[in-house]
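**Student:** I'd like to ask some things about the structure below.
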């Protein structure tokens with residue numbers, strides 16, 4: 002359980018996140034079929050497969066570069082709105098996290114900058130049944146736990162994302178294609194928020210194992 006990660010360890014953590022999304026393809030597809038067009042699982046699987054391949058081929062000079070590699074690959078290959086937003090999320094730390102190690106402070110900054118860029122690009126906010134309902138609480142939880150070290154901050158973020166995703170079941174969609182469902186979107190979690198929770202859980206597990 003490392004309190005800082007080296008660049009290769011960050012690559013390992015992001016690779017684990019890619020693997021987790023690919024493994025969850027069917028789960029994400031079913032979640033999206035309930036309130037969307039059913040392509041979230043396929044798009045995420047395609048994008049994160051490309052992300053893993055990009056990480057394997059890359060030699061990032063900084064922690065931020067590693068995030069940028071995976072985000073750029075997702076942005077280029079996922080397709081659809083989700084691909085653009087998830088690519089934007091994971092590219093954001095490329096501009097905000099420098100250096101060759103990742104500690105709790107840097108991880109909080111990575112999540113905060115990612116959430117900020119998603120809100121800026123997507124024009125959404127919390128409470129609208131989107132990935133932000135997992136990502137924003139995760140960033141806030143990581144920030145609150147910075148003083149406890151990286152493993153604690155990462156676990157807090159993952160748990161907050163999971164709780165936030167679960168809470169979207171009780172929200173009426175206020176953004177995206179599922180808006181047309183109105184109250185019929187109740188009872189179903191947002192697929193994007195599930196994906197955020199999966200990514201952050203995999204990263205937290207990788208940090209615990211480092």
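Numbering (our numbering), first residue to last: 2 to 211. In this text, a Cβ means the ideal position worked out from N, Cα and C, and glycines have one as well. Quantities reported herein were computed from a predicted structural model and do not represent experimental measurements.
1. Is the region 136-156 close to the region 189-201, with three or more CB pairs under 8 Å?
2. Using 8 Å as the cut-off, can you tell me whether the region 45-62 makes contact with the region 71-81, which would need three or more C-beta pairs spanning the two stretches below that distance?
3. Give every residue of the same chain whose Cβ lies closer than 6 Å to the Cβ of residue 169, excluding the five residues on either side of it in the sequence, and list them in chain order.
4. What's the C-alpha gap between residue 50 and residue 26?
5. Could you say which of 37, 92 and 64 lies nearest to residue 81 if we only look at CA atoms?
6. In the DSSP assignment, what are the bridge partners of residue 6?
7. Please go through the same chain and pick out, in chain order, the residues whose beta-carbon is closer than 6 Å to the beta-carbon of residue 93, but skip the five residues on each side of it.
8. Indicate whether residue 108 and residue 155 have their beta-carbon atoms separated by less than 8 Å.
9. Between which two residues does the alpha helix (DSSP H) harbouring residue 174 extend?
10. So the candidates are 61, 120 and 2; which of them puts its Cα closest to the Cα of residue 98?
11. From the DSSP output, in three-state form, read off residue 192 for me.
12. Between which residues of its own chain and residue 63 is the CB-CB distance below 8 Å, once the five residues before and five after are set aside?
13. I need the boundaries of the alpha helix (DSSP H) containing residue 94, first residue and last residue.
14. Could you check how far apart the C-beta atoms of residue 4 and residue 151 are, in whole angstroms? I think they sit under 8 Å.
15. For residue 33, does the count of other Cβ atoms within 10 angstroms reach 16, so buried, or fall short, so exposed?
**Tutor:** With the given structure in hand:
1. yes
2. Because the criterion of three Cβ pairs below 8 Å is met, the region 45-62 and the region 71-81 touch.
3. In the chain shown, the residue the question calls residue 169 occupies position 168. Answer for residue 169: 130, 134, 190, 191 and 194, listed in chain order.
4. Position 49 of the chain shown holds residue 50. Position 25 of the chain shown holds residue 26. Roughly 11 Å separates the two Cα atoms.
5. Walking along the chain shown from the start, residue 81 turns up at place 80. Among 37, 92 and 64, the Cα nearest to that of residue 81 is on 37.
6. Against the chain shown, residue 6 aligns to sequence position 5. Note: residue 6 sits in a beta bridge opposite 103.
7. Residue numbering aside, residue 93 sits at position 92 when the chain shown is read from its first letter. Answer for residue 93: 114, 115 and 118, listed in chain order.
8. In the chain shown, residue 108 corresponds to position 107, counting from 1. In the chain shown, residue 155 corresponds to position 154, counting from 1. It is a contact, given that the beta carbons lie within the stated cut-off.
9. Taking the chain shown and counting its residues from 1, the one referred to as residue 174 is at position 173. Counting along the chain, residue 174 falls outside any alpha helix (DSSP H), and DSSP gives it neither H nor E.
10. Indexing the chain shown from 1 puts residue 98 at position 97. Among 61, 120 and 2, the Cα nearest to that of residue 98 is on 61.
11. In the chain shown, the residue the question calls residue 192 occupies position 191. The answer is helix: DSSP assigns residue 192 an H, G or I state.
12. To locate residue 63, count along the chain shown from 1; it is residue 62. Counting only Cβ-Cβ distances below 8 Å, and skipping sequence neighbours, we find 8, 98, 99, 100 and 101.
13. Start at 1 with the first residue of the chain shown, and residue 94 comes out as number 93. Looking at the DSSP string, the run of the alpha helix (DSSP H) that includes residue 94 is 94-97.
14. Looking up residue 4 in the chain shown gives position 3. Looking up residue 151 in the chain shown gives position 150. With a Cβ gap of about 5 Å, residue 4 and residue 151 count as contacting.
15. The residue you call residue 33 lines up with position 32 of the chain shown. Per the 10 Å Cβ criterion, buried.
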